[in-house]
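Protein chains in written order, with our numbering: chain A, 8 to 214; chain B, 2 to 479.
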């Protein structure tokens, strides 16, 4: 008997009732309740949560203003105006002005990445990155500074609302909540363990 | 990993005298407890999520065969492969075969307790592979040639000064002169060293926090991002996970994520939660060419039958360790195997054999804090007590304890002898107290047979009468 069969056979032997038919799974998920304290408007809650996890956020009026916001942010954190971005149609359309931009997956020397989130989750201050030909995963992890573009209409209140968004399963869905961190040395939090040290969200109000 | 749990008494005594360990444990304890409490209070109905977690895990365990087969089917549908291993040896064989087939040389690893169970690292190294742990804590203990002392903070027993020396010793030859002494510098040096390895590894091995049957996804939860780099940069990604990690669907995942981050590190959500589904797609610009999941049983299917079934709900958050008065005094190494603290005291005797870990279930005050904080409501003290009963039946517990308790049992079951015995004992001790040559009245500094007690505190002398006598005298009124 193969290992697979032995394991399944042992499990079945210890089952209250025999047979491997589709079980009736109806256990309702509780609705998260935060009480009156944190702001419940999704945008406010999202920004509040981001601030709690050492991430920053800027509200940007229009899609066309993204390069301007990226420029200002990079100057602010003293990073070069040289970025690698996901090969996204929306980014190609933009006039990036003085920013040197390349559209590709990330490589080790890259310092800044700009990517586009599939969704934002207000409950936890999380962005959901869905991998595809126009959204390589390495951009989320290799550069030291990660700038994520999120449209206001893609902000949902909880993870459950994200699941109902239509998507065929990609190789990877990265839920990212702030910059990379570790507390492995004497419980002291240090940002930028292996992933980005800085995590900045540009929340775009309208198309 | 070799089971050293028989040495628990000596190891815990040594741990109590280890000044560096005691300083590290003192630093850690309060932090974990306070941050967890804050994160739990943040979600007003955390309790209903605990109930949800308990129910969903129970349901999944009842239909474990169904969900494992569904998971396997969906992994294969997304282009991945599932392998089944009854024990660590089989799991390592599967991993070795994959590495051999793709001509691997260097292997990076994300944190995986299951691979500790199977001793995967040493097996791979014996077969000529270079293996690198990439979680900072795991990397530190790999350099120090130690084992994890906490399931989520493996290097919790290390001091910063210790890490400074360790890095100097291992990184000087890589061109890092001078010692790094500031937290940020230490983390940055590890980042630089491991960055090289991430990019040159052929195979990445990670654990899996949840296996989602409905979609065939493996969910990995981390804070550093090392798990994602390990899973994305090499040509092959291998997941090692034990069979009880499977959950029905993505809705259930949402429930467990609200429990896990809060219970483990006091986070509303850990920094990185990633769902992996198969290898890279045709037009993807990155990701591995192969995706394998090794499902390890290692005794778990047998746990389904019998009194320890509830421990299979465990999601490895570490909250029971952080709230245990024994773990927080002696640390993880004294427990002698992969899993320490309350969940380890239940799991180690089952997986490694009760006779190989007879002292673990006794290293517990039954105070119940672990059960109170467990996100899936595992009745840990009850399971520990069950081990004690079984050890007693096997006569595998201490002979003195067994004789003492069986005498006590006989006495307590016969009210007449009990009343007589306590009255005599009270009278004798009271007389001894009054006529003893020196020392303050009302307490003893030394008594025969009671040295373990009197070594660290005085034994109070009883009054001349017993409680039962006084109760009778006052007509049953207090």
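Backbone N, C-alpha and C define an ideal beta-carbon position, used for all residues, glycine too. Note that the coordinates shown come from a computational prediction; the quantities given were computed from them, not determined experimentally.
Give a yes or no on whether the minimum CB-CB distance between residue i and chain A is below 8 Å.
i, result
"residue 187 (chain B)", "yes"
"residue 72 (chain B)", "no"
"residue 154 (chain B)", "yes"
"residue 277 (chain B)", "yes"
"residue 107 (chain B)", "no"
"residue 119 (chain B)", "no"
"residue 10 (chain B)", "no"
"residue 321 (chain B)", "no"
"residue 79 (chain B)", "yes"
"residue 428 (chain B)", "no"
"residue 204 (chain B)", "no"
"residue 67 (chain B)", "yes"
"residue 483 (chain B)", "Outside the shown range of chain B, which is 2 to 479, sits residue 483 (chain B), and nothing can be said about it."
So residue i contacts chain A; which residues on that side make the cut at Cβ distance below 9 Å?
i, result
"residue 161 (chain B)", "192, 193, 195"
"residue 50 (chain B)", "36, 37, 39"
With residue i and residue j assumed to form a contact (beta carbons below 8 Å), what rounded beta-carbon distance in angstroms separates them?
i, j, result
"residue 207 (chain B)", "residue 232 (chain B)", "5 Å"
"residue 244 (chain B)", "residue 69 (chain B)", "6 Å"
"residue 134 (chain B)", "residue 143 (chain B)", "4 Å"
"residue 373 (chain B)", "residue 308 (chain B)", "So it is not a contact: roughly 21 Å between Cβ atoms."
"residue 179 (chain A)", "residue 138 (chain A)", "4 Å"
"residue 87 (chain B)", "residue 107 (chain A)", "No, residue 87 (chain B) and residue 107 (chain A) are not in contact; Cβ-Cβ is about 55 Å, not under 8 Å."
"residue 336 (chain B)", "residue 9 (chain B)", "7 Å"
"residue 228 (chain B)", "residue 76 (chain B)", "Contact doesn't hold; Cβ gap of about 18 Å is too wide."
"residue 84 (chain B)", "residue 237 (chain B)", "So it is not a contact: roughly 13 Å between Cβ atoms."
"residue 126 (chain A)", "residue 98 (chain A)", "With a Cβ gap of about 18 Å, residue 126 (chain A) and residue 98 (chain A) do not count as contacting."
"residue 150 (chain A)", "residue 103 (chain A)", "In fact, because the Cβ distance is near 17 Å, the residues do not count as touching under 8 Å."
I want to verify the contact list: residues of chain A whose CB lies under 7 Å from the CB of residue i, in sequence order.
i, result
"residue 286 (chain B)", "111, 112, 140, 143"
"residue 298 (chain B)", "14"
"residue 53 (chain B)", "34, 36, 37"
"residue 200 (chain B)", "115"
Run down chain B in chain order and give the residues with a C-beta less than 9 Å from the C-beta of residue i.
i, result
"residue 122 (chain A)", "Simply none; closest approach about 12 Å."
"residue 167 (chain A)", "251, 252, 255"
Along chain B, which residues have their Cβ under 7 Å away from the Cβ of residue i?
i, result
"residue 152 (chain A)", "In chain order: nothing, as chain B lies at least about 14 Å away."
"residue 10 (chain A)", "85, 86, 87, 91"
Which residues share a DSSP beta bridge with residue i?
i, result
"residue 85 (chain B)", "B:296"
"residue 136 (chain A)", "A:181"
"residue 158 (chain A)", "A:211"
"residue 20 (chain B)", "Note: residue 20 (chain B) sits in no beta bridge, so no partner."
"residue 276 (chain B)", "A:180, B:220"
"residue 205 (chain A)", "A:152"
"residue 461 (chain B)", "B:444"
"residue 7 (chain A)", "With chain A covering only 8 through 214, there is no way to say anything about residue 7 (chain A)."
"residue 128 (chain A)", "A:133, A:163"
"residue 198 (chain A)", "A:188"
"residue 291 (chain B)", "B:237"
"residue 142 (chain A)", "A:139"
Does the beta carbon of residue i sit closer than 8 Å to a beta carbon anywhere in chain B?
i, result
"residue 180 (chain A)", "yes"
"residue 161 (chain A)", "no"
"residue 53 (chain A)", "no"
"residue 200 (chain A)", "yes"
"residue 72 (chain A)", "no"
"residue 118 (chain A)", "no"
"residue 46 (chain A)", "no"
"residue 103 (chain A)", "no"
"residue 176 (chain A)", "yes"
"residue 17 (chain A)", "yes"
"residue 56 (chain A)", "yes"
Please list the partners that residue i has in chain B, where partner means a Cβ-to-Cβ separation under 8 Å.
i, result
"residue 183 (chain A)", "272, 273"
"residue 131 (chain A)", "269, 270"
"residue 41 (chain A)", "43, 44, 45"
"residue 187 (chain A)", "224, 225, 226, 272, 273"
"residue 148 (chain A)", "226, 229, 230, 233"
CB of residue i to nearest heavy atom of the ligand ATP: below 7 Å?
i, result
"residue 198 (chain A)", "As presented, the structure is devoid of all ligands, the ligand ATP included, so that no description of it is given."
Along chain A, which residues have their Cβ under 8 Å away from the Cβ of residue i?
i, result
"residue 60 (chain B)", "30, 32, 34"
"residue 184 (chain B)", "192, 193, 195, 197"
"residue 56 (chain B)", "34"
"residue 306 (chain B)", "20, 21"
"residue 63 (chain B)", "22, 23, 30"
Entirely enclosed beta strand (DSSP E) segments - the region 200-248 of chain B, minimum 3 residues: 204-207, 211-213, 218-223, 237-243
Let me know the alpha helix (DSSP H) ranges lying completely inside the region 92-152 of chain B, each 4 residues or longer, listed in chain order. 114-118, 121-127, 137-144
Only counting runs of 4 or more residues, tell me where the alpha helix (DSSP H) segments fall wholly within the region 34-119 of chain A, in order along the chain. 49-59, 73-83, 96-99
Write down every uninterrupted run of the beta strand (DSSP E) in the region 154-203 of chain B whose length is 3 residues or greater and which is fully enclosed by it, in chain order. none
Which full runs of the beta strand (DSSP E) of 3+ residues lie inside the region 371-429 of chain B, going along the chain? none
What residue ranges within the region 320-367 of chain B form continuous alpha helix (DSSP H) runs of no fewer than 4 residues, ordered along the chain? 320-323, 328-331, 342-353
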